[in-house]
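Count along the sequence shown from 1, add 3, and you get the number used in our numbering. Quick reminder that beta carbons are idealized off the backbone N, C-alpha and C, glycines included.
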Amino acid sequence: MNEKAKEALNKLLQGNEDFVNGKIISSRRDIKTMQSLKDHQSPFACIVTCSDSRVVPELFFNTGFGDIFVVRCAGAVIGENILESVEYAVDHLNVPLVMVLSHDDCGVMKAAKAMYPKEPEHLQLLIRSVYEIMDSETECYNEIARDYTLTKRRKLLKRSPILRQAHADGKFEIVRAYLNFETGKVTVLDNE
Ligand SMILES: [Zn+2]
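Dropping the structure here:
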């Protein structure tokens, strides 16, 4: 992992630790910070995660305005709009780190677990996408959520020539991570 990506990851994990310990609240949440950024932005990381109301990266990473570029949709399933948003973060905003973040108690994973292997009647694109990694042995939907980050990582690189090239050039790194609601902790998963 290059230095910039490492630095960005450390910043996120340190912010998360501060959040968990209730230590510091980012000073970058005031009107002055917003005003200082009125003509530009230069976030240090892109977070791809779920729209779940309990998953608020700016809060549990203890960041403020202009710090992180957050891309969210239910289940954080990688569709075209998500893909282009990440391309924008990497190609235009030059973020050195993309974090694919899943979480406990995800509604999309639960729905997929409950329905598998039936053809889903609702949320078809989201659920079919999760089916790709499931088999009848899969027990726990939190486990599915963790495993699914591998698929997300792979899809970002496979489906976007822009991201593939930038990654091959060492312009950015992708890490997988998981949020636990009980502890508030974000854990980085093995990056195989
Ligand atoms: Zn979710």
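What's the call for residue i, buried or exposed, on a 16-neighbour Cβ count within 10 Å?
| i | result |
| --- | --- |
| G82 | exposed |
| R167 | exposed |
| T66 | buried |
| S163 | buried |
| K161 | exposed |
| D55 | buried |
| V98 | buried |
| T186 | exposed |
| A171 | exposed |
| L129 | buried |
| V263 | Here the chain covers residues 4 to 195 and nothing more, so residue 263 does not appear. |
| A117 | exposed |
| R179 | buried |
| H106 | buried |
| T152 | buried |
What do you reckon, are the CB atoms on residue i and residue j nearer than 8 angstroms?
| i | j | result |
| --- | --- | --- |
| I71 | F64 | yes |
| A11 | L104 | no |
| V74 | S132 | no |
| C143 | C53 | no |
| L182 | V89 | no |
| F184 | R32 | no |
| N19 | K188 | yes |
| L96 | S30 | no |
| M102 | L15 | yes |
| M112 | A148 | yes |
| A92 | C49 | yes |
| I177 | D94 | no |
Please name the residue or residues paired with residue i in a DSSP beta bridge.
| i | result |
| --- | --- |
| I50 | V73, M102 |
| I177 | V101 |
| T190 | Y181 |
With respect to the beta strand (DSSP E) encompassing residue i, which residues constitute its N-terminal and C-terminal limits?
| i | result |
| --- | --- |
| A79 | Counting along the chain, A79 falls outside any beta strand (DSSP E), and DSSP gives it neither H nor E. |
Could you spell out the range, first to last residue, of the alpha helix (DSSP H) harbouring residue i?
| i | result |
| --- | --- |
| H95 | Careful: H95 lies outside any alpha helix (DSSP H) and carries neither H nor E. |
| H43 | No alpha helix (DSSP H) holds H43; DSSP gives it neither H nor E. |
| G110 | 110-118 |
| G18 | 6-23 |
| I27 | Note, I27: premise wrong, no alpha helix (DSSP H); not H, not E. |
| R167 | 164-171 |
| F68 | Taken as a continuous stretch (DSSP letters only), F68 belongs to no alpha helix (DSSP H), as it is neither H nor E. |
Ligand 2 and residue i: does the residue's C-beta get closer than 7 angstroms to at least one heavy atom of that ligand?
| i | result |
| --- | --- |
| V111 | In the structure on display, ligand 2 does not appear, and the ligands it does have are ligand 1. |
Segments of 4+ residues assigned as alpha helix (DSSP H) that fall wholly inside the stretch 121-154 = Taken in chain order, the complete alpha helix (DSSP H) segments of 4 residues or longer contained in the stretch 121-154 are 127-134.
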